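Undergrad:
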Amino acid sequence: MGIVDDILGGDVRSAARLITRIENGDTGAYRDLAVLFSRAGNAHIIGVTGPAGAGKSTLAGQLAVEMARRGRRVGIIATDPSSVSGTGAFLGDRVRMKGAEEQDIFIRSMAHRSFPGGVAKASAAAAYVMEGLGKDCIIMESIGAGQSDKDLFFLCDTVITIFTPEYGDDIQLFKAGLMEIGDIIVINKSDKPGADDAAREIGIAADRNARSNGWHVPVLLSRAVSGEGVLDLADAVEAHRQAVKGQEKLASRKAEHLEAFLTALLKEELWQAVSSRITGHDVFREFSNEVLSGRMDPYSAVHIILERLGYEK
Ligand SMILES: Nc1nc2c(ncn2[C@@H]2O[C@H](COP(=O)(O)OP(=O)(O)OP(=O)(O)O)[C@@H](O)[C@H]2O)c(=O)[nH]1
Ligand SMILES: [Mg+2]
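Dropping the structure here:
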C-alpha cells in the first residue's frame, strides 16, 4: 500500500512523514500531495492571528479541544518563528494539558522562514494531508507578523484575530491591518484591566469595517488560560462557517484565495531558485563592493546586476 492509502486509512505517522518531505522541498512527494489535494477542500480551515504573546497558541489549543468535543476531527498547524520545526512540542504541551490525547488532535508545527501570511510554505500542504487523514477542522496559528498576516486569508475560511487589553493607541495601524482580516475578533487576557474598554473600542471599529457579505464581525472576550470565552468562540466559529457556506460567492472566494496562494508560492520558489545564483555571482560581488565603498547607490547597483545577469525588465 502506498503512503496516500496509509494516510487515507488514518495512519498518523505516514501523514507526518509526507508533511516533512514537503517541508524539505522533496518534489518526489508532490505526486502523493496531488492525490490528497484533489480530495481536499471541504475541511473548515480556521486561521488564528494576533500580536506576539496575545495568547494565540493557548486559545488555539482550547478551541481545538472544544471543537473536538463537538464531534469535529481536529488538526492544528502552528507556525514557529525560528528555523527549526517539528512536532510542535510547546503547543502540544498546552493542548495535552487540556486532555487532547483522547480527542485525537493532530498537531504539527512548521518553521516559518519568512513565507508571506505569517504561515509556512508547507502549511497549505499540511492542511491537505490532514484532511486526507480525516480531519475536518484545521486550526492554523500564524506568527502574528502584522500587515503580512493579511495574506493568511489565502488559506483560511474563518480568521480569528486576537488582541489583548495591553495594546494601546500606538499600534493603531498594525491593529487596523489585523482587524481587516478578522472574521471574529477576540480580546484575550480579559483578566487584565481595560478589557471591556478595549472590546468596546474595537467593536466600534469593527462595525465601521462591516463586511460586504453581511457577516457582522463579533468582538468576544476570553481568558484563554482558564478557558473562559472558548464556548462563545466555538459558537462564533460555527456561525461564521454557516454564514459563508450558503453564499454563492464562496466558490469564487476560494478560487481567488487559491490564485493568490499560487502567486505567493511562485514568488517564493522563483526567489529560492535565483537568489543563490545571483548572490554567488562575480557581478553581485563587484557591484556590492561599489555600493559598500560609496561609489554607487544600491538602486543603480541592483538595476545593473539584473541587467548583466539577464533578468532586466
Ligand atoms: N493573564 C493571562 N495570560 C494569558 C492568557 N492567555 C494566555 N496567557 C499567557 O500569555 C502568554 C503567551 O501565550 P501564548 O498562547 O504563547 O501566546 P501566542 O500569541 O501564541 O505567543 P507567540 O506565538 O509567541 O506570539 C503565556 O504565558 C500564556 O500563559 C489569559 O487569558 N490571561
Ligand atoms: Mg504561539
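Convert by adding 403 to the 1-based position in the sequence shown; the result is the number in the working numbering.
By construction, the Cβ of each residue, glycine as well, lies at the ideal position given by its N, Cα and C atoms.
Only a predicted model underlies this, so the values are computations on that prediction, with no experimental measurement involved.
1. Below 8 Å, how does it come out for the stretch 630 to 644 and the stretch 455 to 475: are there three or more Cβ pairs, yes or no?
2. Using a 10 Å radius around the Cβ and a threshold of 16 neighbouring Cβ atoms, would you call Tyr531 buried or exposed?
3. Within a Cβ cutoff of 6 Å, which residues of the same chain sit near Glu724, ignoring the five residues on either side of it in sequence?
4. Within its chain, find whatever has a CB closer than 6 Å to the CB of Leu411; leave out the 5 residues flanking it on each side and keep chain order.
5. Just mark Pro519 as buried or exposed, buried being the case when its beta carbon has 16 or more other beta carbons within 10 Å.
6. Tell me whether Lys459 counts as near ligand 2, meaning its Cβ is closer than 7 Å to at least one heavy atom of that ligand.
7. What is the residue span of the alpha helix (DSSP H) that His643 lies within?
8. Look at the Cβ atom of Val562, then the Cβ atom of Gly450, and state whether they are nearer than 8 Å.
9. Measuring alpha carbon to alpha carbon, tell me which of Leu695, Ala514, Arg656, Glu544 ends up nearest Gly453.
10. Would you call the stretch 685 to 698 and the stretch 587 to 605 in contact, with 3 or more CB pairs under 8 Å?
11. Please report the Cβ distance between Lys538 and Phe566, rounded to the nearest whole angstrom; I am assuming they are in contact, meaning their Cβ atoms lie under 8 Å.
12. Does the Cβ of Asn692 lie closer than 7 Å to at least one heavy atom of ligand 1?
13. Following a CB-centred definition, is Glu710 positioned closer than 7 Å to any heavy atom of ligand 2?
14. Would you check whether ligand 2 has a heavy atom nearer than 7 Å to the C-beta of Glu659?
15. In whole angstroms, what is the alpha-carbon distance linking Ser488 and Val407?
16. Indicate whether Met582 and Ala608 have their beta-carbon atoms separated by less than 8 Å.
17. When you compare only the Cα positions, how much space is there between Asp573 and Gly630?
18. Quick check on Gln465: does DSSP put it in helix, strand or coil?
19. Using 8 Å for Cβ pairs, my map puts Cys559 next to Ile422. What's the rounded Cβ distance?
20. Could you check if Asp594 belongs to the surroundings of ligand 1, using beta carbon to heavy atom distance under 7 Å?
21. From what residue to what residue does the alpha helix (DSSP H) around Arg711 run?
22. Within a Cβ cutoff of 8 Å, which residues of the same chain sit near Ile541, ignoring the five residues on either side of it in sequence?
23. Using the rule of at least 16 other Cβ atoms within 10 Å of the residue's Cβ for burial, across every protein chain shown, is Lys657 buried or exposed?
24. Taking only the alpha-carbon atoms, compute the straight-line gap between His723 and Arg472 and give it to the nearest angstrom.
25. Examine ligand 1 and report whether any of its heavy atoms sits within less than 7 Å of the Cβ of Ala523.
26. Looking at the unbroken alpha helix (DSSP H) that takes in Arg442, where does it start and where does it end?
27. Using 8 Å as the threshold, is the C-beta distance between Val686 and Arg711 below it?
TA: In short:
1. Look at the beta carbons and you see the stretch 630 to 644 touching the stretch 455 to 475: at least three pairs across the two are nearer than 8 Å.
2. With 16 or more Cβ atoms within 10 Å of its Cβ, Tyr531 is classed as buried.
3. Only positions 404 to 716 of the chain appear in this structure, which leaves residue 724 out of reach.
4. Hits under 6 Å: Gly535.
5. Using a 10 angstroms sphere on the CB of Pro519, the tally of other CB atoms reaches 16 or more, which defines it as buried.
6. Taking 7 Å as the cut-off, the C-beta of Lys459 counts as close to a heavy atom of ligand 2.
7. Per DSSP, His643 belongs to the alpha helix (DSSP H) from 633 to 648.
8. Cβ atoms of Val562 and Gly450: closer than 8 Å.
9. Here the closest residue by C-alpha is Glu544.
10. With a cut-off of 8 Å, the stretch 587 to 605 and the stretch 685 to 698 do not count as touching, because too few Cβ pairs lie within range.
11. Rounded to the nearest angstrom, the Cβ distance from Lys538 to Phe566 is 28 Å, too far for a contact under 8 Å.
12. Checking the Cβ of Asn692 against ligand 1 gives no.
13. Using a cutoff of 7 Å, the CB of Glu710 does not count as near ligand 2, since none of the ligand's heavy atoms is closer than that.
14. Result no, Cβ not under 7 Å from ligand 2.
15. Reliability of the predicted coordinates at Ser488 is poor, the pLDDT of 48 falling under 50, and no value is obtained from them.
16. Cβ distance < 8 Å, so Met582 and Ala608 count as in contact.
17. Note that Asp573 scores 45 on pLDDT, short of 50, meaning its location in the model is unreliable; the coordinates nonetheless yield the value given after this. In this structure, the alpha-carbon of Asp573 lies about 29 Å from that of Gly630.
18. Three-state result, Gln465: helix.
19. Wrong, their Cβ atoms sit about 18 Å apart, outside the cutoff.
20. For Asp594, the distance from the CB to the nearest heavy atom of ligand 1 is below 7 Å.
21. Taken as a continuous stretch (DSSP letters only), the alpha helix (DSSP H) holding Arg711 covers 701 to 711.
22. Ala446, His447, Ile448, Ile449, Val477, Gly478, Ile479, Ile480, Ala530, Met533, Glu534, listed in sequence order.
23. So Lys657 ends up on the exposed side.
24. The requested residue 723 is not part of the displayed model; the chain covers only 404 to 716.
25. Relative to ligand 1, the beta carbon of Ala523 is positioned no closer than 7 Å to any heavy atom.
26. That run of the alpha helix (DSSP H) goes 433 to 442.
27. Yes, the pair counts as a contact, with Cβ atoms nearer than the cut-off.
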